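Q: I am attaching a structure below and will ask some questions about it afterwards.
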Amino acid sequence: MSEAFDKVDPTPTDWKAEAMQRRIRKRYGAERRFKLVGLMAVLMSAGFLAFLMWTMVGNGARGFMQTQIRLDLPAEQVSLLDAGAWEDAVRVGGGDAIFSGIAWRTLRDRGARGGPIWLPAADAIDVAAKGEGTAEAERAYAALAARDRVRTGINWTFLTGSDATDPTVVGIWGAFKGSLLTMIVTLALAFPIGVLSAVYLEEYAPRNRWTDMIEVTINNLAAVPSIIFGLLGLAIFLNFMHLPRSAPIVGGLTLALMTMPVIVIAGRNAIKSVPPSIRDAALGIGASRIQVVSHHVLPLALPGILTGTIIGMARALGETAPLLMIGMRAFIASPPAGVSEPATVLPVQIFLWSDEVSRGFVEKTSAAIIVLLVFLLAMNGIAIYLRNRFEKRW
Amino acid sequence: MDIETTNPKMTARNVSVFYGDKMAIDDVSIDVGREHVTAFIGPSGCGKSTFLRTLNRMNDTIPSARFEGRIELDGEDIYASSMDVVQLRARVGMVFQKPNPFPKSIYENVAYGPRIHGLAAGKAEMDAIVERSLKRAGLWDEVKERLTESGTALSGGQQQRLCIARAIAVDPEVILMDEPCSALDPIATAKIEELIHALRGRYAIVIVTHNMQQAARVSQRTAFFHLGTLVEYGETTEIFTNPRQTRTKDYITGRYG
Chain G
1 MSEAFDKVDP
11 TPTDWKAEAM
21 QRRIRKRYGA
31 ERRFKLVGLM
41 AVLMSAGFLA
51 FLMWTMVGNG
61 ARGFMQTQIR
71 LDLPAEQVSL
81 LDAGAWEDAV
91 RVGGGDAIFS
101 GIAWRTLRDR
111 GARGGPIWLP
121 AADAIDVAAK
131 GEGTAEAERA
141 YAALAARDRV
151 RTGINWTFLT
161 GSDATDPTVV
171 GIWGAFKGSL
181 LTMIVTLALA
191 FPIGVLSAVY
201 LEEYAPRNRW
211 TDMIEVTINN
221 LAAVPSIIFG
231 LLGLAIFLNF
241 MHLPRSAPIV
251 GGLTLALMTM
261 PVIVIAGRNA
271 IKSVPPSIRD
281 AALGIGASRI
291 QVVSHHVLPL
301 ALPGILTGTI
311 IGMARALGET
321 APLLMIGMRA
331 FIASPPAGVS
341 EPATVLPVQI
351 FLWSDEVSRG
361 FVEKTSAAII
371 VLLVFLLAMN
381 GIAIYLRNRF
391 EKRW
Chain S
395 MDIETTNPKM
405 TARNVSVFYG
415 DKMAIDDVSI
425 DVGREHVTAF
435 IGPSGCGKST
445 FLRTLNRMND
455 TIPSARFEGR
465 IELDGEDIYA
475 SSMDVVQLRA
485 RVGMVFQKPN
495 PFPKSIYENV
505 AYGPRIHGLA
515 AGKAEMDAIV
525 ERSLKRAGLW
535 DEVKERLTES
545 GTALSGGQQQ
555 RLCIARAIAV
565 DPEVILMDEP
575 CSALDPIATA
585 KIEELIHALR
595 GRYAIVIVTH
605 NMQQAARVSQ
615 RTAFFHLGTL
625 VEYGETTEIF
635 TNPRQTRTKD
645 YITGRYG
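Quick mapping for you: the protein sequence lines, in order, are chains G and S. Counting in the working numbering, the first sequence runs from 1 upward without gaps. Counting in the working numbering, the second sequence runs from 395 upward without gaps.
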């Protein structure tokens with residue numbers, strides 16, 4: 001026997017000793033406590049999420065509704081009106097105090113027909129219908145309600161219109177389309193550039209001082225506050241390249257700068273996690289480097305790359321500050337026709353409406369938040385679907 | 395070393411490999427016979443796998459690796475600038491230690507090589523190549539009903555034979571095997587060894603192995619590596635029954651390893 005065993009304590013370990021039992025109890029206790037703390041953390045975050053959803057839906061649901069007032073029009077009176085006189089007709093018929101500024105559109109679309117018609121109420125009446133109006137508006141609403149002339153209907157204008165000064169007229173479509181166009185520009189730039197950079201850095205670039213520096217720079221870029229990207233966009237895209245102000249193309253370019261490092265980092269990690277044996281296998285039967293990457297590495301890394309992309313895109317979608325810097329906070333009353341038209345985006349629209357004085361904008365703000373969250377969930381849903389489709393095991 | 399090989403498939407002369415400053419292979423010269431199975435044996439870290447990977451330039455993929463010397467395939471310098479490394483690796487195929495099928499179907503695993511090298515003119519020709527390769531690898535009867543299933547769903551031994559079929563599919567001249575049975579159980583190992591016997595003559599085969607009985611069973615020539623040098627190279631029967639070097643003798647009798 002070796003010397004190591006000569007000086008060993010002759011008494012064997014007593015696994016049943018009291019001290020040993022205490023240690024076991026302590027270990028189990030620590031495990032239980034850890035589980036409890038973890039569970040509490042999960043419950044707390046779920047609670048906050050539920051609270052957010054509850055208040056948003058509670059406030060926002062009203063934003064999708066409007067109060068409508070019934071107007072009885074004799075047929076001959078309607079037929080007298082020509083196209084240019086619709087707006088005046090409503091003002092004459094009811095006065096601008098109780099009808100919304102776009103009530104004339106409803107009237108126009110109805111055509112020359114008499115009988116009862118439901119027109120959207122003015123902001124003051126709408127707010128009063130929800131019990132938060134001025135004393136005067138409350139009285140007017142009560143009088144209308146007593147004559148059975150009010151009801152609540154779906155506010156289609158909110159889904160189809162753009163920004164306006166009158167909360168009964170505003171719509172989210174303009175900002176939604178602006179966000180969509182901006183995201184398309186961001187994705188079209190950040191995804192290919194980010195993925196190609198990741199592939200180059202992982203598969204081709206030599207390991208030296210330069211690539212180390214690039215790696216540090218990219219990691220730092222991902223952590224730079226977004227407002228600084230806004231200033232960069234302002235300096236480069238507007239002041240130097242003279243691209244159109246407030247346009248989705250500039251917003252998309254700016255957000256692409258911000259999203260790209262996130263995609264590069266996620267892409268590199270995904271590429272790194274592809275087992276080297278797969279590369280060896282392909283190289284071993286005579287695949288070229290580019291074939292190894294495009295046939296094997298990229299398909300296997302795609303789920304990870306998509307996860308990183310969606311994190312970056314979700315951040316870009318919710319970004320406000322850099323877009324304020326490049327002028328996307330302007331008042332835009334019509335949806336953008338293309339990427340170079342002036343536009344605003346959902347988070348900026350939310351910010352603008354939350355700043356409004358009129359009571360009617362409160363619920364519109366919440367409603368816009370719901371639209372933004374639905375957009376975000378749809379985007380995540382698509383990404384998860386794509387990821388599961390490309391997921392493979394090895 | 396001083397063994398004569400007439401008309402060798404591959405010849406290596408004064409090959410040295412460095413990883414950074416560290417010398418992994420020190421001045422190795424060896425001939426690989428056309429009709430032989432050549433076994434490389436030696437303790438872990440002796441450089442036998444590194445040397446194997448110089449034969450199809452797989453070491454090129456390691457940035458810090460540096461090569462000196464000359465290796466010829468049918469008299470052609472494989473490290474010459476005129477040599478296309480992609481084509482070289484098709485001519486000198488490789489089977490790795492751990493079975494590494496692509497996460498694709500069995501059919502696609504075998505068809506991948508011929509496809510990227512443009513070896514099949516159409517679907518029928520590709521089907522024929524896949525069938526022939528799987529038959530040569532002794533796997534056809536086990537998988538012919540499920541060619542569309544994933545290659546990774548096969549057992550370890552089947553995966554390794556699939557990898558051999560994949561290497562055969564591009565019709566190589568030499569097959570390098572880097573400890574192909576070290577991750578397999580004895581039954582799967584026996585099947586691979588049978589396969590090596592069957593493939594001998596059609597392809598020049600070089601096999602790295604830790605298992606000396608395996609080297610004795612499958613090879614005609616054996617090279618013993620130690621600490622980056624080639625200690626002894628000769629007929630397998632000679633090496634195992636009558637080694638000339640004491641280091642070889644100590645190793646094969648189990649004094650170290």
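Where is the CB? At the ideal position from N, CA and C, for every residue including glycine. Remember, it's a predicted structure, so these values are computed and weren't measured experimentally.
I want to verify the contact list: residues of chain G whose CB lies under 7 Å from the CB of S:R540, in sequence order.
A: Along the second sequence, one-based indexing puts residue 540 of chain S at 146. Going along chain G, no residue has its Cβ under 7 Å from S:R540, so there is no contact; the nearest lies around 17 Å.
Q: Kindly indicate which three-state DSSP category G:P192 falls into: helix, strand or coil?
A: Position 192 of the first sequence, counting from 1, holds the residue named residue 192 of chain G. G:P192 falls in the helix class under three-state DSSP.
Q: Thinking C-alpha only, which one of G:I369, G:L257, G:R279 and G:T309 is nearest G:E203?
A: The count along the first sequence starts at 1 and reaches residue 203 of chain G at position 203. Comparing Cα-Cα distances from G:E203 to each of G:I369, G:L257, G:R279 and G:T309, the minimum goes to G:R279.
Q: Short check: CB of S:V422 to CB of S:L621, under 7 Å?
A: Within the second sequence, numbered from 1, the residue matching residue 422 of chain S stands at position 28. Within the second sequence, numbered from 1, the residue matching residue 621 of chain S stands at position 227. No, these two residues do not count as a Cβ contact at 7 Å.
Q: Considering just the uninterrupted stretch of the beta strand (DSSP E) at G:I154, what are its terminal residues?
A: Residue numbering aside, residue 154 of chain G sits at position 154 when the first sequence is read from its first letter. V150 to I154 is the extent of the beta strand (DSSP E) around G:I154.
Q: Use the C-beta contact count for S:H591: other C-beta atoms within 10 angstroms, 16 or more gives buried, fewer gives exposed.
A: Working through the second sequence from its first residue, we reach residue 591 of chain S at position 197. So S:H591 counts as exposed.
Q: Comparing the C-beta of S:R526 with each C-beta of chain G, is any distance below 7 Å?
A: Translated into positions along the second sequence, residue 526 of chain S becomes position 132. No, its Cβ sits nowhere closer than 7 Å to a Cβ of chain G.
Q: Mind checking whether G:I326 and G:P342 have CB atoms under 7 Å apart?
A: As a working note, residue 326 of chain G is residue 326 in the first sequence. As a working note, residue 342 of chain G is residue 342 in the first sequence. Not a contact, by the Cβ cut-off of 7 Å.
Q: Among G:V293, G:W156, G:W15 and G:N388, whose alpha-carbon lies nearest the alpha-carbon of G:F64?
A: Counted from its first residue, the first sequence places residue 64 of chain G at position 64. When each option's Cα is compared against that of G:F64, the closest is G:W156.
Q: Just reading off the beta strand (DSSP E) that S:E462 is part of, what are its end residues?
A: The count along the second sequence starts at 1 and reaches residue 462 of chain S at position 68. Taken as a continuous stretch (DSSP letters only), the beta strand (DSSP E) holding S:E462 covers A459 to L467.
Q: Kindly say whether S:F434, judged by its beta-carbon, lies nearer than 7 Å to any beta-carbon of chain G.
A: Counting from 1 along the second sequence, the entry for residue 434 of chain S is found at position 40. Cβ-Cβ to chain G under 7 Å: no for S:F434.
Q: Ordered along the chain, which non-local residues of its own chain (more than five positions away) have a Cβ less than 6 Å from that of S:A609?
A: Within the second sequence, numbered from 1, the residue matching residue 609 of chain S stands at position 215. Closer than 6 Å at the Cβ level, and outside the excluded window around S:A609, lie A433, I435, T603 and T616.
Q: In chain order, which beta strand (DSSP E) runs of at least 3 residues are fully inside the region 601–634 of chain S?
A: For the region 601–634 of chain S, whole beta strand (DSSP E) runs of length 3 or above, ordered along the chain, are 615–620 and 623–629.
Q: Using the rule of at least 16 other Cβ atoms within 10 Å of the residue's Cβ for burial, across every protein chain shown, is G:E18 buried or exposed?
A: Within the first sequence, numbered from 1, the residue matching residue 18 of chain G stands at position 18. Looking at its Cβ environment, which holds fewer than 16 other Cβ atoms inside 10 Å, G:E18 is exposed.
Q: Out of G:V185, G:I214, G:D355 and G:G60, state which residue places its alpha-carbon closest to the alpha-carbon of G:I130.
A: Against the first sequence, residue 130 of chain G aligns to sequence position 130. With the sequence shown as reference, residue 130 of chain G is identified as Lys, and Ile is not the correct amino acid for it. Closest by alpha carbon: G:G60.
Q: Mind checking if S:Q639 is an interface residue toward chain G, Cβ cutoff 7 Å exclusive?
A: For the purposes of this step, residue 639 of chain S is identified with residue 245 of the second sequence, where counting begins at 1. No, S:Q639 does not count as interfacial toward chain G.
Q: Tell me, to the nearest whole angstrom, how far the beta carbon of S:L589 is from that of S:R555; I am working on the premise that it is less than 8 Å.
A: Position 195 of the second sequence holds residue 589 of chain S. Position 161 of the second sequence holds residue 555 of chain S. The Cβ separation is near 7 Å, so the contact holds.
Q: Can you name the residues of chain S whose CB is closer than 7 Å to the CB of G:P192?
A: For the purposes of this step, residue 192 of chain G is taken as residue 192 along the first sequence, with counting starting at 1. Those within 7 Å of G:P192 in chain S number zero; the least Cβ separation is about 24 Å.
Q: With a threshold of 6 Å (Cβ to nearest heavy atom), would G:G178 be considered close to the ligand GDP?
A: In terms of ligand content, the structure shown is empty, and the ligand GDP therefore cannot be addressed.
Q: Between which two residues does the beta strand (DSSP E) harbouring S:S423 extend?
A: In the second sequence, the residue the question calls residue 423 of chain S occupies position 29. Unbroken beta strand (DSSP E) run through S:S423: K416 to V426.
Q: Rank G:A383, G:A175 and G:G38 by C-alpha distance to the C-alpha of G:G251 and give the top, closest one.
A: For the purposes of this step, residue 251 of chain G is taken as residue 251 along the first sequence, with counting starting at 1. Ranking the options by Cα distance to G:G251, first place goes to G:A175.
Q: Using a Cβ-Cβ cutoff of 7 Å, what residues of the region 488–504 of chain S are near chain G? List them in chain order.
A: Cβ contacts with chain G: M488, F490, K492, N494, F496 and P497.
Q: Go to S:T432, then tell me how far its beta strand (DSSP E) extends in each direction, as first and last residue.
A: The residue you call residue 432 of chain S lines up with position 38 of the second sequence. V431 to I435 is the span of the beta strand (DSSP E), which, as asked, contains S:T432.
Q: In three-state terms, what does DSSP make of S:D644?
A: In the second sequence, residue 644 of chain S corresponds to position 250, counting from 1. Of the three classes helix, strand and coil, the one that applies to S:D644 here is helix, per DSSP.
Q: Taking a Cβ distance cut-off of 8 Å, strictly less, list which residues of the region 274–291 of chain G are near chain S, in chain order.
A: Within the region 274–291 of chain G, the qualifying residues are P275, S277, I278, R279, D280, A281, A282, L283, G284, I285, G286, A287, S288 and Q291.
Q: If you draw a straight line from the alpha carbon of G:V224 to that of G:E136, how long is it in whole angstroms?
A: As a working note, residue 224 of chain G is residue 224 in the first sequence. As a working note, residue 136 of chain G is residue 136 in the first sequence. The alpha-carbon atoms of G:V224 and G:E136 are separated by roughly 51 Å.
Q: What's the C-alpha gap between S:E567 and S:R460?
A: Here residue 567 of chain S refers to the residue found at position 173 of the second sequence. Here residue 460 of chain S refers to the residue found at position 66 of the second sequence. Roughly 25 Å between the two C-alpha positions.
Q: Between the Cα of G:T309 and those of G:T152, G:V170, G:I370 and G:V262, spot the shortest distance and give me the residue it belongs to.
A: In the first sequence, the residue the question calls residue 309 of chain G occupies position 309. For G:T309, the nearest C-alpha among the options comes from G:V262.
Q: Rounded C-beta distance between S:M488 and S:N450? I'm assuming under 8 Å.
A: Your numbering for residue 488 of chain S matches position 94 in the second sequence. Your numbering for residue 450 of chain S matches position 56 in the second sequence. Between S:N450 and S:M488 the Cβ distance is about 6 Å, and since that is below 8 Å, they are a contact.
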